[in-house]
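Trainee: Right, I'll just put the structure down here and ask away after.
In UniProt numbering, the protein residues as written are 1 to 304.
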């Protein structure tokens, strides 16, 4: 009987045309999704257009990037954000130095070693920390570092608050990237007698490095524009301060807040210029991370 079935000619498959009703439903769904996408982008385009229109002339001045506001009168449209740009990068950089190693080790433990109640507790605490508002982190650092331990307000205190905000981003992004590494590669290392820590360092990390670096840069871009820590933990300075442990230090969010109280038109222009500068810095960090990840992935695919 099986032979008789096989001897029968194969009938041609007839594809029916899509009905008009289904075409209409598909077109309506496409229009709805596209409209929702455009509506979601409208606030972003509106924000960028306003900031660029009001701050473009300011940021195109050469002294905007090379001078501070030292000696500049409130009504005088001169000087720049050199001191504030340095402050933002220094505070975020010091925070990254502390948060990145701790976040990487936490993520490695959760993915490679963690199991049981302790691992679930760490995951829960990371999730809670990810939802902590920046003002709460700033008040915690103020209570512990300044009020209890007796240290002075400084940019380093701001960095400590930024660590609390940066840490969950580093942990979560690194954890997701490490889970994408195929288990077969780990098992191949174990089969060769390679210890687990060497397998992680020499096999897992090289594969996950582009994604890890992208996550680190994303966390830096996340905290560099935070306002609450700089308002609570450090004072404003119109000149550059290279010492992150002592004295007041300006940053881009703090400069924007301070110049908002300036009734002069020059202060208004500096506010929009600093806002556009902050957007440029965040966009540059994200672009660098995306470019690095693309080049690293391309180089790996070419090596194969």
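For every residue, glycine included, the Cβ atom is placed at its ideal position computed from N, Cα and C.
Between the Cα of residue 79 and those of 280, 123, 255, spot the shortest distance and give me the residue it belongs to.
Mentor: Minimum Cα distance to residue 79 is reached at 255.
Trainee: Any contact between the stretch 130–140 and the stretch 67–79? By contact I mean 3 or more CB pairs, one from each, below 8 Å.
Mentor: No, they do not touch.
Trainee: Measure the alpha-carbon distance for residue 54 versus residue 36 and round it to whole angstroms.
Mentor: In a straight line, the C-alpha of residue 54 is about 28 Å away from that of residue 36.
Trainee: Measure how close the beta-carbons of residue 186 and residue 213 come, nearest whole angstrom, since I'm counting them as under 8 Å.
Mentor: Actually they do not touch by this definition, with Cβ atoms about 21 Å apart.
Trainee: Quick check on residue 226: does DSSP put it in helix, strand or coil?
Mentor: Coil.
Trainee: Taking the alpha carbon of residue 131 as the point to measure from, which residue in 194, 61, 112, 167 has its own alpha carbon closest?
Mentor: Out of 194, 61, 112, 167, 167 has the C-alpha closest to the C-alpha of residue 131.
Trainee: Below 8 Å on the Cβ atoms is my contact criterion, and I expect residue 91 with residue 162 to pass it. Report the Cβ-Cβ distance as a whole number of Å.
Mentor: That pair is a contact at about 6 Å.
Trainee: Tell me which same chain residues have a C-beta within less than 6 Å of the C-beta of residue 250, skipping the five on either side of it?
Mentor: So the list reads 83, 84, 87, 236, 237, once near-sequence residues are dropped.
Trainee: Taking contact to mean 3 or more Cβ pairs, one atom from each stretch, closer than 8 Å, check whether the stretch 216–231 and the stretch 96–106 are in contact.
Mentor: These segments touch.
Trainee: Considering only the beta carbon of each residue, do residue 209 and residue 107 sit closer than 7 Å?
Mentor: Not in contact: residue 209 and residue 107 (Cβ atoms no closer than 7 Å).
Trainee: With distances taken between CB atoms, is the gap from residue 152 to residue 234 smaller than 7 Å?
Mentor: No, the pair does not count as a contact, with Cβ atoms beyond the cut-off.
Trainee: Roughly how many angstroms lie between the CA atoms of residue 96 and residue 30, to the nearest whole one?
Mentor: Their Cα atoms are separated by approximately 42 Å.
Trainee: Could you name the residues of the same chain whose beta carbon sits closer than 7 Å to that of residue 189, not counting the 5 residues immediately before and after it, in chain order?
Mentor: Only 199, 203 meet the Cβ criterion.
Trainee: I believe residue 194 touches residue 282 by the beta-carbon criterion, under 8 Å. Please report the beta-carbon distance rounded to the nearest angstrom.
Mentor: Not really, about 40 Å apart at Cβ, beyond 8 Å.
Trainee: State the Cα-Cα distance for the pair residue 244 and residue 205, rounded to the nearest angstrom.
Mentor: So the two alpha carbons sit approximately 32 Å from each other.
Trainee: Counting only beta-carbon separations shorter than 7 Å, does residue 296 have a partner in chain C?
Mentor: Note that chain C does not occur in the displayed structure, where there is just one protein chain.
Trainee: Determine the extent of the alpha helix (DSSP H) in which residue 261 is found, giving its start and end residues.
Mentor: Careful: residue 261 lies outside any alpha helix (DSSP H) and carries neither H nor E.
Trainee: Let me know if residue 20 comes out buried or exposed under the rule of 16 or more other beta-carbons within 10 Å of its beta-carbon.
Mentor: So residue 20 ends up on the exposed side.
Trainee: Nearest CA to the CA of residue 76: which residue from 48, 270, 299, 227?
Mentor: Among 48, 270, 299, 227, the Cα nearest to that of residue 76 belongs to 270.
Trainee: Since I believe residue 273 is in contact with residue 58 (beta carbons under 8 Å), could you give me their beta-carbon distance rounded to a whole number of angstroms?
Mentor: About 3 Å separates the two Cβ atoms, so the contact holds.
Trainee: Please identify the residue among 134, 287, 221 whose C-alpha is closest to the C-alpha of residue 278.
Mentor: Of the listed residues, the one whose Cα sits closest to residue 278 is 221.
Trainee: Relative to the alpha-carbon of residue 259, which residue among 228, 48, 81 has its alpha-carbon at the smallest distance?
Mentor: The residue with the shortest Cα to Cα distance from residue 259 is 81.
Trainee: Consult DSSP for residue 76 and reduce its assignment to one of helix, strand or coil.
Mentor: Three-state DSSP puts residue 76 in coil, outside helix and strand.
Trainee: In the stretch 84–162, which residue ranges form an unbroken beta strand (DSSP E) of at least 3 residues, counting only runs that do not cross its ends?
Mentor: Qualifying beta strand (DSSP E) stretches: none in this window.
Trainee: Nearest to residue 264 by alpha carbon, out of 47, 74, 156, 60?
Mentor: The residue with the shortest Cα to Cα distance from residue 264 is 74.
Trainee: Would residue 275 be called buried (16 or more neighbouring beta carbons within 10 Å of its own) or exposed?
Mentor: The residue in question, residue 275, is buried, as its Cβ has 16 or more Cβ neighbours within 10 Å.
Trainee: For residue 120, count the other beta carbons within 10 Å of its own beta carbon; 16 or more makes it buried, fewer makes it exposed. Which is it?
Mentor: Under this definition residue 120 is an exposed residue.
Trainee: Which term fits residue 40, buried or exposed, when burial requires 16 or more other beta carbons within 10 angstroms of its beta carbon?
Mentor: So residue 40 ends up on the exposed side.
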